[in-house]
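In my numbering, the protein residues as written are 4 to 543. Using N, Cα and C, we set each Cβ at its ideal position, and we do this for glycine too.
Written out as structure tokens, the structure reads:
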């Protein structure tokens, strides 16, 4: 994610414990019924241009639609408000044909002008959208973002049901960007009416409508009877109860009073709940588009020596770290998570080999190790993970002083080229904004992220691999996608030769529900509807 990841990156820590509910996958969907979902904290906003945290992400997806979306429970792109689209031969112009008869919650039909307005609203600096940068490839972005214009020149509307978007260069990720919440379509009249409070009075085209919001107490979503997808959603109503302590919420779920405990199973009860035969059939495990990693600042001695970085890769006992978090992850050997296109299944990575690590350190001129610092967010379990890394490093003679700080301070240190030698990413980065490998490169490993305040905390800049990344992102044609994924996989494994990271684990998401809930497993660990795809679950 861009440097605006901060809130959504919290889902790396929280969504992994987010426990929703699921029934047998072969149950037939049933219409009707109400469910109760609990959260400890209130929702910050339901404005799709602004909302960017794990708690409101799927809520916003249920209230709004964009031109593109994903097949439920998968990372497969499909048209949404667009009925179809075409891409020009040069890969720079996308023409979207809109569905007829799609209505906003206020009853007005959605038109092409609404798409143009919504994109311009997100990019407009007055909106202060954390997602504005995702649209930087659209012609006219720089002028609008710098307040030199009030329009995106690259977005035109030949008629009420056609939107044409021209990019400054081919971009294979663009359809993914159009599936982000930030690209949701909103009606100008509702935004004008509510102004800064639009996030408390959202009006979209989505499967649900907001019926009531008592701040700090509850939100009520009701079925949108005019939704363009027949039969969706299945539920009549969702009651989100706010202010519910997670332990109490879980007890209520066990009694059947709550259907989805939004904050999940508290860590202290995780293993007990997971290993209880009565609860096992209610728990679902799914992969996330997430990697937890240790960055090594390649500009700071002695970490500027690749042998030192390779030694550190071999020193970390990843299996032990996974045990520390009660097995809620799988050991990682490369930056890309297994569920991401381009992941190289044949790549073995660096083995856990203390003796070889010591030998490499000696070859690098540090037979007795050295002193360094390890920065970590001060929220459990991150300090405990840092302590395990510290112990592993001590085994090869590296003495790492732990700097356990508030999240904002760790992010600031990582974005300062001269401050943080080592940073454990847990609780801050990295979960994908969209399921494409490019989102794991530019911001956190590419040269564009190796800037002051950026998210490339390794300060790694390999211009040759950056050029390969640009080549991959220019491969727009459908018949090029397999080759593109393979190229991306090679980019990441080639980067691991330079060892700017120690990829440590890929977190999994665990969801659990009340016994009356139905829906396929994938809907409760949906890779893009974090944490739950509310549109397609039902009551048995």
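Could you check where the alpha helix (DSSP H) with residue i kicks off and where it finishes?
i: residue 546; result: One cannot answer for residue 546 here, as it falls past the ends of the chain, which runs 4 to 543.
i: residue 125; result: 115–126
i: residue 310; result: 309–318
i: residue 324; result: 321–327
i: residue 74; result: From DSSP, residue 74 is part of no alpha helix (DSSP H); its letter is neither H nor E.
i: residue 59; result: 57–66
i: residue 362; result: 357–366
i: residue 254; result: 249–257
i: residue 88; result: Looking at the DSSP string, residue 88 is not in any alpha helix (DSSP H); the run it does join, the beta strand (DSSP E), is 85–90.
i: residue 524; result: 524–527
One question on the structure: do residue i and residue j come within less than 9 angstroms of each other, judged by their Cβ atoms?
i: residue 325; j: residue 314; result: no
i: residue 456; j: residue 415; result: yes
i: residue 286; j: residue 514; result: yes
i: residue 435; j: residue 468; result: no
i: residue 224; j: residue 203; result: no
i: residue 438; j: residue 292; result: yes
i: residue 73; j: residue 172; result: no
i: residue 196; j: residue 160; result: no
i: residue 491; j: residue 472; result: yes
i: residue 501; j: residue 268; result: no
i: residue 68; j: residue 209; result: yes
i: residue 135; j: residue 166; result: no
i: residue 280; j: residue 509; result: no
Is it buried or exposed, residue i, if we count other Cβ atoms within 10 angstroms and call 16 or more buried?
i: residue 236; result: buried
i: residue 123; result: buried
i: residue 81; result: exposed
i: residue 512; result: buried
i: residue 259; result: exposed
i: residue 77; result: exposed
i: residue 385; result: buried
i: residue 278; result: exposed
i: residue 48; result: buried
i: residue 363; result: buried
i: residue 109; result: exposed
i: residue 189; result: buried
i: residue 539; result: buried
i: residue 294; result: buried
i: residue 379; result: buried
i: residue 219; result: exposed
i: residue 79; result: exposed
i: residue 375; result: buried
i: residue 92; result: exposed
i: residue 368; result: exposed
i: residue 349; result: exposed
i: residue 95; result: buried
i: residue 153; result: exposed
i: residue 554; result: This structure does not reach residue 554, given that the chain is present from 4 up to 543, and the question cannot be answered.
Starting from the Cα of residue i, find the closest Cα among the options and give me that residue.
i: residue 399; options: 280, 428 and 318; result: 318
i: residue 86; options: 76, 105, 94 and 92; result: 105
i: residue 229; options: 240, 223, 212 and 221; result: 212
i: residue 46; options: 38, 39, 429 and 56; result: 56
i: residue 504; options: 470, 305, 477 and 298; result: 298
i: residue 44; options: 252, 73 and 177; result: 252
i: residue 322; options: 175, 350, 68 and 388; result: 388
i: residue 63; options: 180, 186 and 542; result: 186
i: residue 256; options: 361, 517, 151 and 311; result: 517
i: residue 184; options: 71, 169, 233 and 191; result: 71
i: residue 543; options: 453, 521 and 89; result: 521
i: residue 361; options: 263, 311 and 93; result: 311
i: residue 484; options: 328, 144, 450 and 440; result: 440
i: residue 288; options: 536, 448 and 527; result: 527
i: residue 192; options: 31, 111, 133 and 173; result: 111
i: residue 458; options: 114, 214 and 445; result: 445
i: residue 338; options: 355, 413 and 432; result: 432
i: residue 177; options: 88, 370 and 409; result: 88
i: residue 113; options: 146, 99 and 163; result: 163
i: residue 250; options: 273, 200 and 231; result: 273
i: residue 424; options: 410, 463, 452 and 411; result: 463
The beta strand (DSSP E) that contains residue i, what's its start and end?
i: residue 240; result: 240–245
i: residue 332; result: 332–334
i: residue 473; result: Note, residue 473: premise wrong, no beta strand (DSSP E); alpha helix (DSSP H) at 466–476.
i: residue 229; result: Residue 229 -> no beta strand (DSSP E), and no H or E assigned at all.
i: residue 97; result: 96–101
i: residue 377; result: 373–380
i: residue 214; result: 211–217
i: residue 507; result: 504–515
Sequence ranges, alpha helix (DSSP H) only - wholly within the region 144–209, length at least 4: Correct list: 144–148, 177–180 and 191–197.
task: Note down, one range per segment and in chain order, each alpha helix (DSSP H) of at least 4 residues found wholly within the region 261–305.
output: As summarised for the region 261–305, the continuous alpha helix (DSSP H) elements at least 4 residues long and confined to that stretch are 270–277 and 280–283, given in chain order.
message: I'd like the ranges of any alpha helix (DSSP H) spanning at least 4 consecutive residues and lying wholly in the region 394–423.
response: Runs of the alpha helix (DSSP H) spanning 4 or more residues and lying entirely within the region 394–423 occur at 410–417, in chain order.
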